[in-house]
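This report refers to the structure that appears directly beneath it.
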Amino acid sequence: MGRFSGKTAIVTGGASGIGYAIVEALLQDGAKVAIADLNKDKLAELEKLHAGSVIGRVTNVTKEADIEALVAQTVDAFGGLDFAFNVAGASKPGMIVDQSEADWDFTVDLCLKGVFLSVKHEAKYMKDHGGGAIVNVASLNAHVPMFYGAAYSSAKAGVEMLTKNAALELAQHQIRVNAILPGLVATPLTNGLTSVDAINEAYMERIPMRRAAQPSEMAGPALFLVSEEASYVNGASLIVDGAWAVTGYPDLSKFL
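First residue of the sequence shown: 1, per UniProt numbering; consecutive thereafter.
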């Protein structure tokens, strides 16, 4: 009997990376999980692997009808919805003066609008069924800008504020809404950068722990935020970055 036995969760972007790590942790703790993703083959594989405990639904989080259907199918399959983890995200990078409107819209729609639609419909169900807890995955880039990342950083800053606003509005319905802000995590989305030695070293110079996080190191904090141990945590932003956020000033130790 795990601590989430009898509970049901939705995880968007749950077929890989941080989302999949959250799915695995939830299953280990006894929860039933609805995984939303665009990777149809991976979803089918996970349904088969965890038969009876997982449903996979091909979901475009930027389409409201997809999110409505996801929540309805989750409730039909498992009888309710207690937790939601809104992880789905990606970026089409570019310098501000060069970025196309289409690439800006892709990034902001996926990273911010997708979270808005997810919170909206997850909370609609929870509001009428005794409450629940929601965790939105933002990013350290909600606080720290990066070259080629104006759209992504702006969207993730929006996710952090959306989280706070949702906590304000939904607390009266016994719904807690918090965010985690990951730093560098070893996922397929970051591999294209960290596989280049010079770029990876530039990251390591800024991260006091001198390594990227594993996705499982994001799952633990995310599950904490929906647990009873966090019952009075609401509207919070938990930075999970190996102390990267405290290194905005150049590291002068190499010159001493």
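Backbone N, C-alpha and C fix where the C-beta goes; we use that ideal spot for every residue, glycine too.
Consult DSSP for residue i and reduce its assignment to one of helix, strand or coil.
i	result
Ser36	According to the sequence as given, residue 36 is Ala; it is not Ser. Reduced to three states, the DSSP call for Ala36 is strand.
Gly192	helix
Val97	coil
Ala213	strand
Gly89	coil
Gly79	coil
Gly149	strand
Ala15	coil
Gln73	helix
Ser154	helix
Tyr232	coil
Gln28	helix
Asn60	coil
So, is residue i buried or exposed, given that buried needs 16 or more other C-beta atoms within 10 angstroms?
i	result
Leu49	exposed
Val246	exposed
Ala51	exposed
Glu229	exposed
Met1	exposed
Ser231	exposed
Arg3	exposed
Asp128	exposed
Asp37	buried
Phe147	exposed
Glu101	exposed
Pro188	exposed
Asp241	buried
How is the beta strand (DSSP E) around residue i delimited, first residue to last?
i	result
Asn136	Gly132 to Val137
Gly114	Unbroken run through Gly114 is the alpha helix (DSSP H), Gly114 to Lys127; no beta strand (DSSP E).
Arg3	Arg3 -> no beta strand (DSSP E), and no H or E assigned at all.
Arg206	It is not in any beta strand (DSSP E) - Arg206 instead sits in the alpha helix (DSSP H) that spans Asp197 to Arg206.
Gly242	Note, Gly242: premise wrong, no beta strand (DSSP E); not H, not E.
Let me check one thing: in DSSP terms, what residues is residue i bridge-paired to?
i	result
Ala84	Ile10 and Ile134
Ala179	Asn136 and Ser237
Val144	Answer is none; Val144 lacks a bridge partner.
Val54	Val33
Val185	Ala213
Just to confirm before moving on: does the CB-CB distance between residue i and residue j stay below 8 angstroms?
i	j	result
Asn86	Asn136	yes
Thr74	Asp66	no
Ile35	Val71	no
Ala219	Ala25	yes
Thr163	Gly235	yes
Gly130	Gln174	yes
Ala212	Leu184	yes
Val97	Ala155	no
Phe83	Lys32	no
Asn141	Gly132	no
Glu47	Val54	yes
Pro221	Leu238	yes
Phe106	Lys92	yes
Val144	Leu110	no
Between which two residues does the alpha helix (DSSP H) carrying residue i extend?
i	result
Gly248	That residue, Gly248, is in no alpha helix (DSSP H); it is neither H nor E in DSSP.
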